[in-house]
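Since the structure comes first, as structure tokens, the remarks are kept for the end.
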Amino acid sequence: MASSKSQFSSLFFITAILLVFLTIFRPVVAAACYARIFAFGDSLTDTGNFLQSIGDFPDPVRRLPYGQTFFGRPTGRFSDGRIIIDFVAEALGLPFVPPYLAGRDVEYFRHGANFAVGGATALNISFFEEKGIDVTWTEYSLGVQMGWFRQLLHLLSDES
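Mapping the sequence shown onto my numbering, position 145 (from 1) lands on 266, and the numbers just tick up by one.
Below is the structure:
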């Protein structure tokens, strides 16, 4: 347990340093002219893919307090406001990153996409199945997210 707390503390510290750096050096970063940002992960980064993946199934993320402090409504983020990827996008001068599963066309992803899904695992489901672990909460591993990324890159490169 101590190791887990230590890892979380380290991740939090690194993220805080990154945000401070991006805030202080915003003119320098903005001058770099980033055109797109892509995000991968789980509920810490999800901007709505989880809700898209479950359809109309009732879930607490659909209700307040999720989203209330910044957006004034639930947005699919596992937070009452913005998440780290929102601050990174803002620091880079980009709009908030839309969830991949809500995409309608290539233009929707002109500034990037968020592939993260709440509950996602880093390892593919087959790993858990081989160990006899029943993973019923997700089918969206990092491998699946990378597959979506490759598909989108192909579409975006066709547009260029």
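Beta carbons: idealized from backbone N, C-alpha and C, even for Gly.
On a predicted model such as this, the values are computed, not experimentally measured, just so you know.
| Which term fits G162, buried or exposed, when burial requires 16 or more other beta carbons within 10 angstroms of its beta carbon? | The sequence position of residue 162 within the sequence shown is 41, counting from 1. Buried: at least 16 other Cβ atoms inside 10 Å.
| field | Minimum length 4: unbroken alpha helix (DSSP H) runs contained in the stretch 190-242 | value | 205-212
| field | Closest by C-alpha distance to A223, when choosing among G214, F133, R194 and A234 | value | Mapped onto the sequence shown, residue 223 falls at position 102. That would be A234, whose Cα lies nearest to the Cα of A223.
| Do the stretch 259-274 and the stretch 186-197 make contact, defined as three or more Cβ pairs closer than 8 Å? | no
| field | Distance, D255 Cα to F248 Cα | value | Here the question's residue 248 lines up with position 127 in the sequence shown. Here the question's residue 255 lines up with position 134 in the sequence shown. Cα to Cα, the separation comes out at about 10 Å.
| Simplified DSSP state of F171, which is helix, strand or coil | Taking the sequence shown and counting its residues from 1, one reaches residue 171 at position 50. If DSSP states are grouped into helix, strand and coil, F171 belongs with the helices.
| query | Are there 16 or more other CB atoms within 10 angstroms of the CB of F133, so buried, or fewer, so exposed? | reply | For the purposes of this step, residue 133 is taken as residue 12 along the sequence shown, with counting starting at 1. So F133 ends up on the exposed side.
| Is the Cβ-Cβ distance between I206 and I246 less than 9 Å? | One-based indexing of the sequence shown puts residue 206 at position 85. One-based indexing of the sequence shown puts residue 246 at position 125. Their beta carbons are not under 9 Å apart, which means I206 does not touch I246 by this criterion.
| query | Using the rule of at least 16 other Cβ atoms within 10 Å of the residue's Cβ for burial, across every protein chain shown, is A241 buried or exposed? | reply | Locating residue 241 in the sequence shown gives position 120, counting from the first residue. A241 should be labelled buried.
| message | Given this structure, state the Cα-to-Cα distance separating Q128 from I135, to the nearest angstrom. | response | On the sequence shown, position 7 is the one that residue 128 refers to. On the sequence shown, position 14 is the one that residue 135 refers to. C-alpha of Q128 to C-alpha of I135: approximately 11 Å in a straight line.
| message | On the criterion of 16 or more Cβ atoms from any shown chain inside 10 Å, does Q272 qualify as buried, or is it exposed? | response | Position 151 of the sequence shown, counting from 1, holds the residue named residue 272. By the 10 Å Cβ count, Q272 comes out exposed.
| Taking buried to mean at least 16 other C-beta atoms within 10 Å of its own C-beta, is T190 buried or exposed? | The residue given as residue 190 occupies position 69 in the sequence shown. Here T190 is exposed, its C-beta having fewer than 16 other C-beta atoms within 10 Å.
| query | Is L140 near V209, with beta carbons less than 9 Å apart? | reply | Numbered from its first residue, the sequence shown carries residue 140 at position 19. Numbered from its first residue, the sequence shown carries residue 209 at position 88. Against a cut-off of 9 Å, the Cβ pair of V209 and L140 comes out as a contact.
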